[in-house]
Amino acid sequence: MSGLWTIYRKELRSFLVAPLTYVLVGIFLVLGGYFFWVTVVTSGIASLAGFFGNTAIVLIFLMPVLTMRLWSEEEAKGTAELLLTSPVSLGQIVVGKYLAAVTLFAGMLVLTAGYPLVLYLFGDPQTGPLIAGYIGFLLLGAAFIAAGMFTSTLTDNQVIAAVTGFGILLLLWLLQWAGDALGGGAGEVLRNLSAITHFVSFSDGLLAAPDVIYYLAVIVGFLLLAIRNLGRRLWRSLETGAQSVLLTAALVGILVVVNILAARMPWQLDLSAEGRFTLSDQTKQVLREQLPGPVEITAFVRTGDDSPVPDLVRAYAKASDRVQVSIVDPLREPSLAQQYGVQQYDTVVVQQGGRTRKITPDSLYTLASDGFSTEFNGEQAITRAILELVHEQDRKVAFLIGHGEVASEDELASLFSDLEGEGYSTEFFNLAETGSIPAATSVVAVAGPQSDLGAQELDVLRRFVQAGGKLLLLLDPVTRALPGWESLAGQLGVQVTSHIVVDPERAAFLDVLSPMPELLAHPITNPLIERRMEVLLPRSVGLVVREEGAASGGGAAGAPGEIKTSALLRTSSEAWGEKIQQRVQVRKDPEDPVGPFILAVAVEGRVAEPVTDSEAASKRSSTASGGTGADGSGQDASQPGAESEGEWQPLAVVVGNSTFIRGQFLNLQGNRDFLLNALNWLTGRKSLISIRPKVFKVPTIALTPRLVWNTFYAFVVIMPLASLFVGGWTWWRRRAL
Amino acid sequence: MIQLEHVSKWYGSRAAVEDLTFSVAEGEVVGFLGPNGAGKTTTMRMITGYMPPSDGHLTVAGFDPIEEPFEVKQRIGYLPENPPLYADMTVTDYLYFVSELKRVPRERRRAQVGQALERTGLTGVSNRLIGHLSRGYRQRVGLAQALIGEPPVLILDEPTVGLDPQQIIEIRQLIKELAGSHTVLLSSHILPEVQAICERVIIINKGRLVAQDEPARLAERLRTGTEFRLRVQGPADRAQQLLRGIAGVRSVEIDRKPESQGTGQARAAGEALQLVLEPGLETGESENVRAQIFFTLAEARIPIVELSPVRVSLEDVFLQLVTEEQPHHDAHVTSQGGAER
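Same order as they appear, the protein sequences are chains A and B. Counting in my numbering, the first sequence runs from 1 upward without gaps. Counting in my numbering, the second sequence runs from 1001 upward without gaps.
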């Protein structure tokens, strides 16, 4: 060891008396300071991620120049002969020199201590990512130095050593691009070999075994190659040229394999403030105990986006061998994106046992209460999707046709795709043809009937509802009278008016015929209210809730027992009803009924008779807390007494509009969420798991204009100049020796 | 102390050293002689463990430099052809660094560095940067470096190259001083140096051992003929013709080189001839031939103004040895080498 120490000290000393060192440090400080200034000071983000990411590229150029002399100079000056004929081992020489260069680099990092100091003085940075970032940066630099150490042993020409080193580092860097371009498994392997891939998560606060092992493997590999290069002359070497190529290939191969094996290693230290790389215990338990077979998670993410989704899904893969994860850029693999109907970045598709759940970004992100940070519900959404796939059958939504309802697949394509992603199967049926409701139907949906319901049909539907079947009734303003439908609605406690709603106060884009009604608190609407989303209903028919609250059905033809109605959407009190005509005359006349009108109603009832098996399952878990973003408290409150006979069950949702589910209208405002929430509420799909969302707070820093410029002068001008000055002074002092 | 047995070193198909066998006894100072490219440096590098021999066996103090490198490297002080110096270090720092490399115990480093400085006459420049020193001083620093660690074996590759005459004398003096306590193998192409310092000379050419002996004996034994320098007043052609007739004279050449002819007054003193007697003549015979020369020229009335023997120096031996290509001489030398073992 003493030999190593001797070499180390001598090398460090050589660095410290060489003017080139101070020039390099100066360049490092100029560029590093500039990147800090741009990514932190002028952008107000109190994180060094930008500094690390940009300066890492500078290292590709700087490090080979720093390391080029390590061995090339010994060779050129003949001092190699002294070292190699002295009682020190090659390992001591190579490692001693290597550690000296790493120490110098660590010293350069110490010189950047002013950056975090500024962060702490004027902002509220997250300490974890800062520490992890510095560790990652040190590892990256150390790996680069090892590569430079290696190229320096190739030649006695320092320029060649530097250029070769630069080439190797560039290659290590570009492998990621190559991997991205290639895609698939081979691309993933290439990406995994790239120095940049493993660097990214450090500055987000993750110390993960695969990343650390990658850099250590690169370091050990290059140092071994360096030692072998020197040893080839020293040892009684019998290896031929071909053998030496083989040996090098074998060593590189071993490193690649180590790296691939390491990629699945679960050990990690999550230093991020929000724990973005850590799964909750609930998820871990689900993955550990409840997976009957392999689960595939595909995340569609744009390359280069700073999205938490890839980190999250990779955490799933690390947590369980049964989870296969792929990160897909929909631009690069459009066919895959099309296959799953992916239309937005940050969409996650979960597959298990041939079934699929699609999670759209809407359910991944919500704005946090501070109105600035983002809440990330990714884990909740993905784990829930897995649980649903494992534990629940798909529910069937049967769309009734034959009365001029929306019957076109095209018009409902977007809706059907979303429903499929949420675990619903869909089909059309014509009651006049089938005579009964298709087997295993959870919800019968009626979307905008234009003509009336036959008596037999009405009877079938009534019995369906009485038996606990769910109804989604979307009624449009129709010029003729539809007594059958009105009777059905009436049985549910809803009276359908013969007026189209005009709401001058709450209307979309001043189109008074497109009301954006007020959302009334209910499990269906609560998630939208939280997220400040509206529902937009062009051309709606006004509804009147006959008896608000609990009431008896009272209908002559087989009442379903007690029912309870809750208004979901209500127009403003400025609204009035116009007579339904082909061309509506929008003018408030004295005889026009005045608002507010109800536009959507949720109906619950007490159902005495037992229902079908599948319905029983949903009944058991059925509570009032359905909906995509239901909070845990409602769920807890409804748990006790779930089996009791007299429990309120969702029966129907009646909406005075069907346009909002057609084509592009579904994507407007909160329309999709409203519909899905309504279906989830009807089918009693509760939130199977509740995981606290992760809040991504953007750490901020605010500097006065004066301080902005002072930091510029301090870090971009004074510090680098100081380095040059010290270098010059060192030279001047030793000039006369 | 140093033992080479049938050592060879090939670079690809070219042999730098071929079947080299010699030994250096403890305390001996041996000169290693050969023209550029003869394999001197390669041989020394193999001894110091800087490169392995391709074939054969060599030991230093009983250790194989490749198998037990530390044992060998700790016992050798090595001055390579180019002194291995760090230009950015001061002389003292450098010597301390070397003393650490050579594993000199901490408490003895000071003394050793001081001693090395003193012995090589570097005390005055001990705090100067090596890069700022003259070539002569640098060579001395290189030598001082080799002395650090009190190695019993010194391998010095061209220790006086590039030095001015005064420095050469000093270095030679130093090596002579070291001779008693160290085994020294030094290479050189400056022959007087080897003659002056070494007890024994090993001559190699093209990687092969050519001869080894004490400097004086080597000169005598390898003498191929007796050369005389003759200056006559009169026609040189006639003299040449006459002399060729004498039994025992191998060759006579008229030396027309201007410097041999002399200038001005000296030119009048006559013409110079180069005369070589048959080799292997006994001392008495040689004198008879010389008497015959005198009488023959006297008879032809060509006065001899000068007749002087040309002394065969090691330099001539060296030149002869390394230029002689005839198989006769190869066999001759090889048999001698065999006798030496």
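Think of the CB as a built atom: it goes at the ideal place given N, C-alpha and C, for glycine as much as any other residue.
The beta carbons of residue 598 of chain A and residue 570 of chain A sit about 6 Å from each other, so the pair counts as a contact at 8 Å. Around the beta carbon of residue 223 of chain A, a 10 Å sphere encloses 16 or more other beta carbons of the protein chains shown; the residue is thus reported as buried. In this chain, the beta strand (DSSP E) harbouring residue 566 of chain A covers 562-570. Proximity to residue 469 of chain A across A:501, A:336, A:396 and A:541 peaks at A:396, based on C-alpha coordinates. In the three-state reduction of the DSSP assignment, residue 482 of chain A falls in the coil class, being assigned neither a helical nor a strand state. Collapsing the DSSP output to three states places residue 1203 of chain B in a strand.
For the pair residue 455 of chain A and residue 333 of chain A, the Cα-to-Cα distance works out to about 52 Å.
Between residue 1049 of chain B and residue 1145 of chain B, the CB-CB gap reaches or exceeds 9 Å. Residue-level contact by beta carbon holds for residue 1052 of chain B and chain A, with a gap shorter than 9 Å. The DSSP assignment places 424-430, 441-447 and 470-474 as complete runs of the beta strand (DSSP E) inside the stretch 420-497 of chain A, in order along the chain (cut-off: 3 residues).
Distances from the CA of residue 3 of chain A to each of B:1119, B:1309, B:1199 and B:1104 were compared; the closest alpha carbon is that of B:1104. Taking 9 Å as the cut-off, the Cβ atoms of residue 1091 of chain B and residue 1002 of chain B do not count as close. With a threshold of 9 Å between beta carbons, residue 17 of chain A makes contact with chain B. With contacts defined by Cβ atoms closer than 9 Å, residue 445 of chain A and residue 509 of chain A do not form a contacting pair.
Not a single C-beta of chain B is nearer than 9 Å to the C-beta of residue 308 of chain A. With contacts defined by Cβ atoms closer than 9 Å, residue 1073 of chain B and residue 85 of chain A form a contacting pair. For residue 300 of chain A, there is no enclosing alpha helix (DSSP H); the enclosing beta strand (DSSP E) covers residues 295-300. A straight-line Cα-Cα distance of about 13 Å links residue 1277 of chain B and residue 1308 of chain B. Residue 449 of chain A is positioned such that its CB atom lies closer than 9 Å to that of residue 404 of chain A.
Taking the C-beta atoms as reference points, residue 297 of chain A is found nearer than 9 Å to residue 348 of chain A. Think of a sphere of 9 Å around the beta carbon of residue 731 of chain A: no beta carbon from chain B falls inside it, the nearest being about 10 Å out. For residue 441 of chain A, the CB contacts under 6 Å within the same chain, skipping 5 residues up- and downstream, are 396 and 398 in chain order. Contacts with chain A (Cβ-Cβ distance below 9 Å) from the stretch 1080-1102 of chain B involve 1080, 1081, 1082, 1083, 1084, 1085, 1086, 1087, 1088, 1089, 1090, 1093, 1097, 1098, 1100, 1101 and 1102, listed in chain order. Sequence-ordered contacts of the stretch 1123-1135 of chain B with chain A read 1127, 1128, 1129 and 1132 [C-beta pairs closer than 8 Å]. Contact check for residue 1084 of chain B against residue 1142 of chain B passes: the beta carbons are separated by less than 9 Å.
Proximity to residue 1197 of chain B across B:1159, B:1229, B:1164 and B:1101 peaks at B:1159, based on C-alpha coordinates.
Residue 1293 of chain B sits in a helix when the DSSP states are folded into three classes. Relative to residue 1215 of chain B, the option among B:1110, B:1206 and B:1194 whose CA is nearest is B:1194.
Interface annotation, residue 235 of chain A: in contact with chain B, CB-CB separation under 9 Å. Residue 267 of chain A sits exposed, since fewer than 16 C-beta atoms from the chains shown fall within 10 Å of its C-beta. For residue 226 of chain A, no CB of chain B lies under 9 Å from its own CB, so it is not counted at the interface with that chain. Residue 328 of chain A: member of the beta strand (DSSP E) spanning 323-328, first to last residue.
Between the stretch 274-282 of chain A and the stretch 202-212 of chain A there are three or more C-beta pairs closer than 8 Å, enough to call the two in contact. With a threshold of 9 Å between beta carbons, residue 79 of chain A makes contact with chain B. Using a Cβ-Cβ cut-off of 7 Å, residue 86 of chain A is close to 1073, 1101 and 1102 of chain B, given in chain order. Between residue 594 of chain A and residue 566 of chain A, the beta carbon gap of about 22 Å keeps them out of contact (Cβ cut-off 8 Å).
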